[in-house]
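Report on the structure given below.
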Amino acid sequence: MNALSLQNVDISYGRTKVTHTINLDVHAGESFALVGESGSGKSTVLKAIAGLAPDWSGSITAFGQARGHGIDQRFSKICQMVFQDPYGSLHPRKTVDAILSEPLSIHKIGDQNERVENVLQSVGLDRKFRFRFPHQLSGGQRQRVAIARALVLEPKLLLLDEPTSALDVSVQAEILNLLKRLRRERNLTYLMVTHNLSVVAFLCDRLAVMRHGRIIETADISQLKRGALSEPYSRELMEISASHRA
Ligand code: ADP
Ligand code: MG
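For the sequence shown, the working numbering assigns the number 98 to the initial residue and increments by one for each residue that follows.
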């Protein structure tokens with residue numbers, strides 16, 4: 098079974114159509130990257146899957162469960178999103194405990210105390226952080242909280258929108274290692290947006306290249322590492338990314 102299947106997905110903001118007939122299959126257990134220049138529609142695709150870009154057509158299915166339009170609690174139990182900016186994505190006036198308990202309350206799940214403690218431990222945060230507020234945490238710690246919030250419902254699929262790009266370089270590797278470990282331990286599937294091809298090489302099995310709201314190429318990580326992407330635009334992206342690293 099596919100972890101995620103998008104069929105002919107068109108997404109609009111008002112009268113502007115942002116993506117055009119997106120077709121995408123992510124296999125169960127896979128880590129799949131979505132790359133492409135800024136404005137190509139990567140975040141919009143993740144938002145539509147997460148129910149945050151309401152104006153879409155086509156079909157979105159995760160582990161056999163078709164997403165409805167609007168709030169879809171059955172779907173969100175399976176599929177959760179982590180945002181780029183851990184400063185903006187956590188409510189400033191809620192404690193870590195409240196942030197992590199909220200999804201459990203919404204989904205009427207018990208054992209909240211135990212689940213919150215377990216998920217904090219799972220993302221490598223000491224229990225002393227449980228009753229702190231986001232502004233009392235570092236960027237890396239906040240992103241750990243955001244990952245914990247996504248995991249507390251024990252989803253099978255995580256949508257990760259540039260999960261390390263807002264963080265200090267020194268912290269990025271820690272979070273990438275954490276994501277790698279969590280995927281292994283929890284048998285997760287990832288769909289991750291990044292513009293950093295070394296992140297793709299570290300964490301992903303396959304990738305799709307987006308341009309102007311379309312997927313122009315899908316490739317294996319081995320093709321990426323061999324420099325064997327077939328579209329000229331994809332190779333251009335690789336060169337840009339390589340020169341940024343140098
Ligand atoms: P990416 O993540 O690849 O950088 P986005 O998905 O954020 O790209 O944006 C794709 C396009 O949709 C851009 O042209 C952007 O300006 C537009 N867009 C994104 N969010 C909104 C919004 N909330 N309202 C209107 N247009 C938007
Ligand atoms: Mg984006």
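Glycine residues also receive a C-beta, built at the ideal position from the N, C-alpha and C atoms.
- The C-beta distance from L257 to Y287 rounds to 6 angstroms, short enough to fall under 8 angstroms.
- DSSP, reduced to helix, strand and coil, places D169 outside both helices and strands of the structure shown, so it counts as coil.
- Not one heavy atom of the ligand MG is found less than 6 angstroms from the C-beta of S186.
- Counting only residues of its own chain and dropping the five nearest sequence neighbours on each side, E328 has a CB closer than 7 angstroms to the CB of V306, I313, E314.
- Shown here, Q181 sits in coil according to DSSP, grouped into three states, outside any helix or strand.
- Measuring C-alpha to C-alpha distances from T158 to each of L234, I146, L201 identifies I146 as the nearest.
- Of all residues, those with a beta-carbon under 5 angstroms from at least one heavy atom of the ligand ADP are Y110, V115, S135, G136, S137, G138, K139, S140, T141, reported in chain order.
- The beta carbon of K174 is closer than 7 angstroms to those of H204, L250, P252 in its chain, skipping five residues each way along the sequence.
- Here DSSP, grouped into helix, strand and coil, assigns D194 to helix.
- Rounded to whole angstroms, the separation of the alpha carbons of Y330 and G136 is 15 angstroms.
- When only Cα atoms are considered, G324 and N105 end up about 29 angstroms apart.
- Taking a C-beta distance under 7 angstroms as the contact criterion, A245 and V216 qualify as a contact pair.
- If only uninterrupted alpha helix (DSSP H) runs of at least 4 residues are considered, those enclosed by the region 212 to 279 are 236 to 248.
- By DSSP's assignment, N210 forms no beta bridge with any residue.
- Here the alpha carbon of S340 sits roughly 44 angstroms from the alpha carbon of R212.
- Beta bridge pairing from DSSP links T113 with Y110.
- 7 angstroms or more divides the Cβ of V132 from the Cβ of P260.
- Of the other Cβ atoms in all chains shown, 16 or more fall within 10 Å of the Cβ of M289; this residue is therefore buried.
- Cβ-Cβ separation between M98 and F160: approximately 6 angstroms, consistent with a contact (criterion under 8 angstroms).
- For A145, the enclosing alpha helix (DSSP H) begins and ends at 139 to 147.
- DSSP lists R308 as the beta-bridge partner residues of R311.
- Sixteen is the threshold: when 16 or more other Cβ atoms of the shown chains lie within 10 Å of the Cβ of S198, as they do, the residue is buried.
- Counting along the chain, F160 sits inside no beta strand (DSSP E), nor does DSSP assign it H or E at all.
- Ranking R112, S128, E134, D107 by CA distance to the CA of K144 puts D107 first.
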